[in-house]
Each structure stands twice: as C-alpha cells, then as structure tokens.
Amino acid sequence: KLIFDLPEVLRLCTIDDLLNHGFKEIINAFDGFRAHSVDGLGLLDSFGISHERILLSSRVYTWSNLTIQHYRELGYVMNEIPVELTEKELMHRNNQQSILPVYGRTTLMIKADCTHQNVKGCDKKSEILYLNDRKDVDFPVWNRCSICMNYIYNSRPYSILDLIGENHLGVKGHLITFTLEDEREVKQVLYSYCNHTMDAIDEFTRGH
1 KLIFDLPEVL RLCTIDDLLN HGFKEIINAF DGFRAHSVDG LGLLDSFGIS HERILLSSRV
61 YTWSNLTIQH YRELGYVMNE IPVELTEKEL MHRNNQQSIL PVYGRTTLMI KADCTHQNVK
121 GCDKKSEILY LNDRKDVDFP VWNRCSICMN YIYNSRPYSI LDLIGENHLG VKGHLITFTL
181 EDEREVKQVL YSYCNHTMDA IDEFTRGH
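Here the numbering used here is used: the first residue of the sequence shown is 1, the next is one more, and so on.
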C-alpha cells in the first residue's frame with residue numbers, strides 16, 4: 001500500500017510547500033498517511049482524511065495500552081511502536097495494530113540551525129556532514145533543504161533483523177527506514193530481513 005509520509009516538523013512554509021506541490025489533488029491516490037505530530041494530525045483533519053487511514057508514527061507516542069485506547073477512541077487504529085520501549089515492556093502492550101521498527105538510523109535531533117550553512121555557507125545543496133564527539137564517534141548530519149531542517153542521526157543504525165522471525169510480540173508489520181544507505185547497503189539490509197540474519201551488517205545497535 002502507498003503511504004504518504006508527512007514531514008516530521010510542520011511549519012507554515014512547509015505546509016505552503018505541500019499545497020504548492022498539489023497535496024490536495026493527490027490525497028485520494030494514497031492508501032494512508034503517516035503523521036509524526038499533533039500538528040500533522042490537525043493538518044490531515046483539515047482535509048477531511050479519515051482517522052482510519054492515518055498511521056501514528058513512533059513520535060506520536062502510544063507507549064501504553066491506555067494511550068492506544070485513547071487514540072482508538074478518536075478513530076486512530078494504526079500505530080508504530082515507540083523505539084524507547086524494551087522488549088519486556090512490549091510484551092505487556094497490545095501490538096495487534098502496531099508496526100515494529102526493525103531497521104533504520106534513529107533520528108537523535110531535528111533542528112532548524114543549519115550545520116551546512118555554519119560550516120560551508122548556504123548553497124541550497126543537501127549533503128552529509130559529520131559531528132565528531134569526545135569519543136571520536138561521527139554522527140551524520142543531513143541538511144534537507146526542501147524543508148530547511150537538519151537531521152542528526154545516530155552513529156550506528158538500529159537493527160533487530162535477526163530477531164523478528166520469532167514475532168512473539170504479535171505485531172501487524174515491520175518498518176525498515178532507509179536514509180543514508182547506498183545501493184549495496186540497501187541490498188544487504190533487505191537480504192538480512194528476508195533471512196533473519198545480521199551477517200551482512202557490520203555495525204549496529206539494539207536500542208532498548
């Protein structure tokens with residue numbers, strides 16, 4: 001199914017950009033919409049989009065059965081599992097309509113201050129720079145010029161690709177997010193997903 005992924009941060013200029021690129025006209029072409037904030041839910045409401053067509057991303061926290069029930073009472077059925085929850089906590093959560101993130105670089109921060117502009121000047125070109133911490137670890141920074149925001153990612157991708165075969169959490173589906181991967185890395189991740197292995201992936205973190 002085709003899901004429209006809204007920007008994580010919605011500013012007036014971002015909404016104007018969506019409208020100028022024909023967002024109203026293409027609404028019916030999508031099976032659903034992925035919202036990352038209450039702002040996103042409000043925007044979709046303004047277009048009369050049914051709550052049943054909306055996937056609550058992990059940023060719209062459904063961390064307990066109480067919050068899941070609250071959103072269901074509002075008509076929101078689908079949700080992503082928050083990455084902060086441990087496996088033990090998830091075993092007490094209702095995951096029947098939940099999507100489990102199984103691979104991807106965790107976004108540590110989204111910021112308006114542009115690292116690219118500070119280092120090289122604003123040239124309207126998106127590229128990857130790196131922040132180096134006191135442990136000499138590099139954190140990728142991607143300046144997304146289309147929405148004038150910077151994304152700081154974890155130094156290692158999060159992955160549980162070798163664990164999902166058990167599926168004892170009873171989830172509805174899985175989420176794989178590609179951000180900085182090249183063609184070779186994408187193939188390795190998809191191979192690992194299909195074979196429930198981590199052999200093709202060198203460095204990763206389990207998260208919680």
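Where a beta carbon is used, it is the ideal one built from N, C-alpha and C, also for glycine.
Residue span of the alpha helix (DSSP H) that contains residue i, given as start and end
{"i": "Lys-120", "result": "115-120"}
{"i": "Tyr-71", "result": "65-73"}
{"i": "Asp-202", "result": "That residue, Asp-202, is in no alpha helix (DSSP H); it is neither H nor E in DSSP."}
{"i": "Leu-90", "result": "87-90"}
{"i": "Lys-187", "result": "183-195"}
{"i": "Ile-26", "result": "23-26"}
{"i": "Val-38", "result": "38-46"}
Residue i versus residue j - alpha carbon distance
{"i": "Leu-56", "j": "Tyr-76", "result": "8 Å"}
{"i": "His-116", "j": "Met-91", "result": "42 Å"}
{"i": "Ile-15", "j": "Glu-84", "result": "29 Å"}
{"i": "Asn-94", "j": "Ile-68", "result": "8 Å"}
{"i": "Glu-127", "j": "Ile-99", "result": "30 Å"}
{"i": "Asp-113", "j": "Val-119", "result": "11 Å"}
{"i": "Val-189", "j": "Ile-201", "result": "7 Å"}
{"i": "Pro-82", "j": "Lys-172", "result": "14 Å"}
{"i": "Ile-27", "j": "Ile-3", "result": "10 Å"}
{"i": "Arg-72", "j": "Asn-132", "result": "42 Å"}
Burial state of residue i (16 or more Cβ within 10 Å)
{"i": "Gly-121", "result": "exposed"}
{"i": "Met-109", "result": "exposed"}
{"i": "Arg-105", "result": "buried"}
{"i": "Arg-34", "result": "buried"}
Closest by C-alpha distance to residue i, when choosing among the options
{"i": "Arg-59", "options": "Ile-160, Phe-204, Thr-197 and Leu-6", "result": "Leu-6"}
{"i": "Tyr-151", "options": "Pro-157, Leu-129 and Trp-142", "result": "Trp-142"}
{"i": "Phe-204", "options": "Tyr-103, Arg-11 and Ser-64", "result": "Tyr-103"}
{"i": "Cys-145", "options": "Lys-24, Asp-133 and Asp-123", "result": "Asp-123"}
{"i": "Val-9", "options": "Lys-1, Leu-18 and Ile-3", "result": "Leu-18"}
{"i": "Leu-161", "options": "Tyr-191, Arg-53 and Arg-184", "result": "Tyr-191"}
{"i": "Phe-47", "options": "Phe-23, Thr-177 and Arg-206", "result": "Phe-23"}
Span of the beta strand (DSSP E), counted from its first residue to its last, around residue i
{"i": "Ser-98", "result": "98-104"}
{"i": "Leu-175", "result": "173-176"}
{"i": "Thr-14", "result": "It is not in any beta strand (DSSP E) - Thr-14 instead sits in the alpha helix (DSSP H) that spans 12-20."}
Is the stretch 41-51 touching the stretch 127-140 in the sense that three or more CB pairs, one from each, lie closer than 8 Å?
-> These segments do not touch.
Mind the definition here: the stretch 185-196 touches the stretch 151-170 only if three or more C-beta pairs lie below 8 Å; say whether that holds.
-> Yes, the stretch 185-196 is in contact with the stretch 151-170.
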